[in-house]
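Residue numbers for the sequence shown follow this note's numbering, so the first one is 5 and each next one is one higher.
The C-beta atom is built at its ideal place from N, Cα and C for all residues, glycine as well.
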Amino acid sequence: MATDEQLKKIADGYKFSGETVDLGVAMSEGEPQPDVPVSLPLSMMNRHGLVAGATGTGKTKTLQSMAEQLSSNGVPVFLADVKGDLSGLAEKGESGEKLEARNAAIGQKWEATSFPTEFYSLGGEGMGVPIRATIHSFGPILLSRVMDLNETQESSLQLVFHYADQHELELYNLADLRAVIQFLTSDEGKEALADLGGLSKATAGVILRKIVGLEADGMDKFFGEPQFETEELLRTAEDGRGIISALELSELQSKPQLFSTFLMWLLADLFEELPEVGDVDKPKLVFFLDEAHLLFNGASKAFLESITQTVRLIRSKGVGIFFITQTPKDVPGDVLGQLANRVQHALRAFTPEDAKALKATVSTFPKSDYDLESLLTSAGIGEAVVTVMTDTGAPSPVAWTRMYAPQSRMAPAAPETVQSITDNSELAPKYAETVDSYSAFEKLNEQEEQKEKQASEESAKPQDTKDKESEGKAKAEAGKDKNEDKDRRKRNDAMMRVGTNVASQVGRELVRGLFGTSRRGGRRRGGGFFG
């Protein structure tokens with residue numbers, strides 16, 4: 005329940021000078037207050053955020069509404085559509101009696117609207133323009149996450165990447181990486197494997213088996229060329245609205261580590277490509293990562309550090325990240341501490357674990373006059389407890405809010421709509437077909453074929469020819485050794501003469517330094533220890 009004084013505090017706390025994303029209106033005594041709007045400054049969207057709540061409380065509709073308003077303000081949006089619900093952004097919403105009554109109660113000016121949407125899929129798994137990444141750009145840390153490697157195996161994989169880089173063996177797909185590891189574990193690669201130091205043959209074998217497992221699961225299609233250029237996510241439509249990029253992941257729920265890691269690759273690649281912009285009137289791009297707990301479950305220390313660093317630093321590139329999950333405890337503390345904007349839908353407290361999560365959630369909010377434990381377990385569908393970062397950099401008052409409804413379709417779009425958008429995408433000709441470039445796999449196979457050819461030619465020669473060639477080689481080697489011995493003696497004599505001259509010169513320079521003298525004809529006088 006909100007008193008008049010509290011409502012006034014909320015009204016004053018959510019007055020912003022610039023453009024905003026309208027979240028909803030404050031609630032009092034269970035009734036919405038249309039004259040007390042709750043919003044989020046557009047300039048603060050790159051301060052990151054969290055949308056949390058139990059299943060069925062309205063999280064997806066909240067992020068859908070936020071994505072619509074960002075698009076309307078010319079801000080591109082990227083969202084991970086795990087359940088397939090968000091494709092409805094491409095179609096106009098449908099009104100009805102319940103929706104009209106709700107809109108009238110909260111004073112929302114609702115108009116059925118579709119939004120410019122681009123659909124993507126990982127490697128073509130599902131409908132959408134394929135997104136691929138090369139193994140090299142993905143890197144050993146993220147790849148270790150996909151393969152579920154331990155820290156020792158992850159370090160070993162880094163050595164493999166280093167070896168490939170040093171020997172110009174391009175790693176574009178899993179076949180390339182497999183070829184390099186197979187070479188290192190072969191008889192011919194023994195010496196190279198030993199030179200790598202901390203990489204054992206047993207560990208290399210484990211990594212190789214993991215790669216074969218990924219290929220067996222069909223994951224090889226996600227790695228390769230053409231690599232997706234992340235700047236494609238920054239586009240706007242002809243009418244100036246930001247394009248909403250929806251990565252369709254409903255087919256990949258059985259591979260959570262793969263798609264969660266791909267999302268981090270996208271962020272990391274954006275971080276590398278985008279210039280520093282500092283504080284801006286509106287973000288360049290906003291990410292919505294649904295089912296965010298999948299990012300962190302079973303993550304290695306290196307992977308968590310990578311996420312934390314990316315979230316901390318990418319704000320200065322004008323990119324905002326919103327994590328969507330059930331409770332704040334799903335997100336590591338180092339990451340949670342950087343999420344300035346909070347939309348907390350209802351929680352359930354059916355078990356002791358639920359009650360513990362509820363208390364932990366309440367403790368993360370600023371002090372308020374609400375009984376948050378009671379409010380968060382009784383809030384209705386489409387209601388949330390909100391606090392955001394104001395344009396002065398301070399947290400806004402905590403506000404019990406009835407959220408605005410999306411204006412696009414609140415259900416999956418028709419499959420023919422998604423297929424039509426994909427077929428007519430200007431990106432389809434660029435990314436639709438897989439490219440197989442000349443890389444590590446082809447290079448190592450070519451080397452092997454050349455060795456086999458030479459061995460075959462050698463075995464086909466008559467024995468007397470082989471004997472003569474061996475005798476010729478032996479004579480050539482003896483002559484070479486003799487010439488090298490002469491050259492060695494000459495170099496030694498020359499080095500002795502040079503050494504004598506250098507020693508004399510060094511001795512003279514040391515004396516000059518100690519006694520403050522200078523070279524003949526020089527201008528410098530004095531200095532040294534006694535200058």
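Bridge partners for residue i per DSSP, in chain order?
i      : result
Met407 : Gly28
Asn50  : In the DSSP output, where bridge partners are listed per residue, Asn50 has none listed.
His349 : Ala388
Lys566 : Nothing in the structure corresponds to residue 566, since the chain is present only between 5 and 535.
Phe292 : Leu83, Phe326
Leu251 : Ala84, Tyr124
Met393 : Pro399
Gly246 : Thr240
Glu35  : Ser32
Val133 : Tyr124
Val439 : Glu229
Given a cut-off of 9 Å on the beta-carbon distance, is the pair residue i and residue j in contact?
i      : j      : result
Ala179 : Phe369 : no
Phe119 : Arg245 : yes
His52  : Ala388 : no
Phe292 : Met131 : no
Ile561 : Ala303 : Examination of residue 561 is not possible in this model, given that the chain is present from 5 through 535 alone.
Glu252 : Val422 : yes
Gly92  : Ser429 : no
Thr234 : Leu197 : no
Leu153 : Lys214 : yes
Tyr408 : Ser249 : no
Val55  : Val366 : no
Leu67  : Leu90  : yes
Ala361 : Thr331 : yes
Got a sec? Which residues, its chain only, sit under 8 Å from residue i by beta carbon, not counting five neighbours each side?
i      : result
Lys286 : Glu23, Leu46, Ser47, Met49, Asn77, Gly78, Val79
Ser310 : Ile145, Leu146, Met268, Ala272
Ala418 : Glu95
Ala383 : Thr61, His349, Ala350, Val389, Trp404
Ala432 : Val133, Thr426
Lys13  : Pro401
Asp199 : none
Of all the options the options, which has the alpha carbon lying nearest to the alpha carbon of residue i?
i      : options                        : result
Leu274 : Gly228, Ile325, Phe307         : Ile325
Ala30  : Arg406, Ser412, Leu262         : Arg406
Val335 : Lys321, Leu299, Lys363         : Leu299
Lys371 : Ser400, Asp358, Glu280         : Ser400
Pro230 : Leu153, Leu212, Leu126         : Leu126
Tyr16  : Gly34, Pro41, Gly28            : A small correction: the amino acid at residue 16 is Asp; Tyr does not occupy that position in the sequence shown. Nearest option by C-alpha distance: Pro41.
Lys321 : Glu277, Phe266, Ala196         : Glu277
Val86  : Ser382, Ala432, Phe263, Val439 : Phe263
Ala137 : Gln112, Ala116, Asp224         : Asp224
Leu212 : Glu461, Val284, Arg182         : Arg182
Ala359 : Ser441, Asp191, Glu377         : Glu377
Gly28  : Gly337, Ser43, Glu35, Leu448   : Ser43
Phe232 : Lys434, Thr314, Lys19          : Lys434
Quick check on residue i: does DSSP put it in helix, strand or coil?
i      : result
Arg182 : helix
Ile328 : strand
Val216 : helix
Val42  : strand
Val339 : helix
Glu450 : helix
Ala383 : coil
Val366 : helix
Thr265 : helix
Thr421 : helix
Gly143 : helix
Glu229 : strand
Ala71  : helix
Thr138 : coil
Thr240 : strand
Ala344 : coil
Ala444 : helix
Val284 : coil
Ala56  : strand
Tyr18  : coil
Glu23  : coil
Asp427 : helix
Whose C-beta lies closer than 6 Å to the C-beta of residue i among residues of the same chain, with five residues either side of it excluded?
i      : result
Arg501 : Any reading at Arg501 is ruled out, since the residue's pLDDT is 44, under 50, leaving its predicted position unreliable.
Glu174 : Ser443, Ala444
Thr394 : Ser400
His166 : none
Glu513 : Confidence in Glu513 is poor, its pLDDT being 35 and thus under 50, which makes the residue's placement unreliable; the coordinate value appears in the next sentence. Correct list: empty, nothing qualifies.
Excluding sequence positions up to five away, which residues of its chain have a Cβ less than 7 Å from the Cβ of residue i?
i      : result
Glu219 : Leu178
Ala73  : First, the residue type needs correcting, since residue 73 is Gln and not Ala in the sequence shown. Excluding sequence neighbours, Gln73 sits near Val25, Asp26.
Phe307 : Ile145, Arg149
Arg239 : Pro80, Ile247
Can a CB atom of chain C be found closer than 9 Å to the CB of residue i?
i      : result
Thr117 : Going by chain labels, chain C is absent from the structure shown, which holds only one protein chain.
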